[in-house]
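Contents: one structure, followed by commentary.
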Amino acid sequence: MNKKPVAIVLGGTIPHAELLNNLKKRGYYTILIDYFESPPAVNNADLHIKESTLDYNQVLQTAKNYKAKLVISTCIDQAGVSACYVAEKLNLPAPYSYETALKVTNKTLMKKIMSEHNLPTSKFCVVSEYNKLNEVSLKLPVVVKPADSNSSKGVRRADNEAEFRMFLKQALQLSRNKKAIVEEFVVGEEIGVDCFIGIDDVHIIMMHRKRKPMKNNKDVLYSIGSISPPEISKTAERKLLEIVKKIASVFKLKNTPLLLQTIVNGDNVYIIEFSPRIGGGLNFRKIKLFTGFDIIDAAVDSYLGRPVTPVYTHPDFFFSENHIYALPGIFSHVEGYKSLLENSVIEEIHFNKNKGMQLTEDMSSSNRVGSFIVKSDTLDELRRRIRNAIDMIEVYDVTGQALMKKGIYLDLLF
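Just so we're aligned: 176 in the numbering used here is position 196 of the sequence shown, and the numbers increase by one with no gaps anywhere.
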């Protein structure tokens, strides 16, 4: 019989594989809750329970059954709400209240609070019924997205009335609360900002610029990767720091990671959205590899109420995360990456899919096969290494057919 304290992790993503390892080192018996049969983190847990992380009452009952001492999700918005809900019901540790969790994950409420406190964001409206779309008075182009999505699924740019009607209908269908956010498209670079809010101060640990292909695939706003550090003005950097401070104050956040998604155009900064969590994908690895800060470890301390004093450096070289997408099929394996690792063309590669998982046409973050990290002292060499990796790597389905979507990486202009 297990005599260790039980920690339940909500969601089996790549960052949560590292989270499970961290919890084991701390002496916990780890239980992973994820509705997929074989999520990326499944082998890192002592036990996998196949259920939805979004079913608050089911997660609560599981926590009761196993007498959990910790329920945690460090990089998934809606699962974080479940964790805070259960923590409040069972008097378990959490970084912030269930009420706060709702405010920072409900994009409708978040946008409203940002507007009330003059936090810079694009003009927006909330639509709950398709037949009310004529009430939308925003200028095209607009971005349409489900009000409660976990990933980039359903986030689309509409340039005309026909696209707007189509994308709004899809967003409402994808939303669990049947609401969509429509916001005016802001021109500029999309900059992700990984922060840590301390007890009395805030820290911008790392920034990256999202790399996106030319607008295609029915205008899905997906990312093919990122590059760090981004080229932004000192004025924009100062504004970002002030924005982080104000978010911490308005939403009463302390001792927690914070992920900011912004648009930067010259000295102007606009908030797309934010969340008091770790970024998805390989953000946790880039932060650890290139700044020295273990943000997974800090996130666990945040949940346990242990004050964190971030220690980190800002690198003087370039590094890039690059996502692997594939055509629809049943995933088998990836080839070509081992020699890239051996020859230090790429630093690391991590996979989101296990053999037998379904690959769909969807180009959202939830449908990536995996991602790899590249670093170099110059942008030219970084481009060369990325191109070499893309040429060498291939994704195969269970019939042996090559599936990798290589055409989306043609533009390496960064």
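The beta-carbon is built from N, C-alpha and C at its ideal position, and this holds for glycine as well. Here the structure is a predicted model, which is why all the values come from computation and not from measurement.
Using only the alpha-carbon positions, how far apart do serine 237 and lysine 4 sit? Locating residue 237 in the sequence shown gives position 257, where the first residue counts as 1. Locating residue 4 in the sequence shown gives position 24, where the first residue counts as 1. The residue asked about is misnamed: residue 237 is proline in this sequence, not serine. Approximately 21 angstroms between the Cα atoms of the pair.
Could you pull the start and end residues of the alpha helix (DSSP H) that valine 167 belongs to? Here residue 167 refers to the residue found at position 187 when the sequence shown is read from its first residue. Taken as a continuous stretch (DSSP letters only), valine 167 belongs to no alpha helix (DSSP H), as it is neither H nor E.
Determine whether the beta carbon atoms of alanine 369 and asparagine 302 lie at a separation below 8 angstroms. Against the sequence shown, residue 369 aligns to sequence position 389. Against the sequence shown, residue 302 aligns to sequence position 322. It is a contact, given that the beta carbons lie within the stated cut-off.
Excluding sequence positions up to five away, which residues of its chain have a Cβ less than 7 angstroms from the Cβ of aspartate 274? Here residue 274 refers to the residue found at position 294 when the sequence shown is read from its first residue. Taken in chain order, the residues that qualify are Lys268.
Tell me which residue opens and which closes the beta strand (DSSP E) that glutamate 315 is part of. Locating residue 315 in the sequence shown gives position 335, where the first residue counts as 1. From DSSP, the beta strand (DSSP E) with glutamate 315 extends over 309 to 315.
When the distance is taken between beta carbons, is tyrosine 9 closer than 8 angstroms to aspartate 26? Looking up residue 26 in the sequence shown gives position 46. Looking up residue 9 in the sequence shown gives position 29. Going by C-beta atoms, aspartate 26 is nearer than 8 angstroms to tyrosine 9.
C-alpha gap between threonine 379 and lysine 335, whole angstroms: Working through the sequence shown from its first residue, we reach residue 379 at position 399. Working through the sequence shown from its first residue, we reach residue 335 at position 355. Going from the Cα of threonine 379 to the Cα of lysine 335 covers about 12 angstroms.
Using only CA atoms, which one of Lys103, Leu89 and Asn235 lies nearest to threonine 289? Taking the sequence shown and counting its residues from 1, the one referred to as residue 289 is at position 309. Relative to threonine 289, the option among Lys103, Leu89 and Asn235 whose CA is nearest is Asn235.
Within 8 angstroms, strictly: CB atoms of isoleucine 227 and phenylalanine 254: The sequence position of residue 227 within the sequence shown is 247, counting from 1. The sequence position of residue 254 within the sequence shown is 274, counting from 1. Yes, the pair counts as a contact, with Cβ atoms nearer than the cut-off.
Three or more C-beta pairs below 8 angstroms linking the stretch 40 to 49 and the stretch 64 to 74: yes
Cutting at 8 angstroms between CB atoms, please list the residues of its own chain near alanine 278, excluding the five before and the five after it. Reading the sequence shown from its first residue, position 298 is the one you call residue 278. Phe176, Pro237, Val288 and Pro290, listed in sequence order.
Does the contact criterion of 3 or more C-beta pairs under 8 angstroms hold for the stretch 299 to 315 versus the stretch 213 to 224? Touching, no, given that fewer than three Cβ pairs across the two stretches are closer than 8 angstroms.
Please state if the CB of aspartate 35 and the CB of arginine 257 are separated by a distance shorter than 8 angstroms. Locating residue 257 in the sequence shown gives position 277, where the first residue counts as 1. Locating residue 35 in the sequence shown gives position 55, where the first residue counts as 1. No. Outside cutoff.
Please tell me whether, using a cut-off of 7 angstroms, the distance from the CB of isoleucine 212 to the nearest non-hydrogen atom of the ligand SAM is below it. Ligands displayed in this structure: none; no statement on the ligand SAM is therefore possible.
Per DSSP, what kind of secondary structure is histidine -4 in: helix, strand or coil? Taking the first residue of the sequence shown as position 1, residue -4 is located at position 16. Histidine -4: helix per DSSP, three-state reduction.
Please list the segments of the beta strand (DSSP E) lying wholly inside the stretch 257 to 328, counting only runs of 3 or more residues, in order along the chain. 298 to 304 and 309 to 315
Using the beta-carbon count (16 or more within 10 Å), is alanine 142 buried or exposed? Position 162 of the sequence shown, counted from the start, is the residue given in the question as residue 142. Burial check for alanine 142: the Cβ neighbour count within 10 Å stays below 16, so the residue is exposed.
Is the Cβ-Cβ distance between serine 300 and glycine 205 less than 8 angstroms? By 1-based counting over the sequence shown, the position of residue 300 is 320. By 1-based counting over the sequence shown, the position of residue 205 is 225. Closer than 8 angstroms, so yes.
Would you decide whether leucine 359 is buried or exposed? Buried here means 16 or more other CB atoms lie within 10 Å of its CB. By 1-based counting over the sequence shown, the position of residue 359 is 379. Leucine 359 is exposed by the Cβ-count criterion.
Member of Met343, His28 and Tyr65 whose CA lies at the smallest distance from the CA of serine 203: As a working mapping, residue 203 is identified with position 223 in the sequence shown. Comparing Cα-Cα distances from serine 203 to each of Met343, His28 and Tyr65, the minimum goes to Met343.
Which residue comes first and which comes last in the beta strand (DSSP E) that contains leucine 120? For the purposes of this step, residue 120 is identified with residue 140 of the sequence shown, where counting begins at 1. Counting along the chain, leucine 120 falls outside any beta strand (DSSP E), and DSSP gives it neither H nor E.
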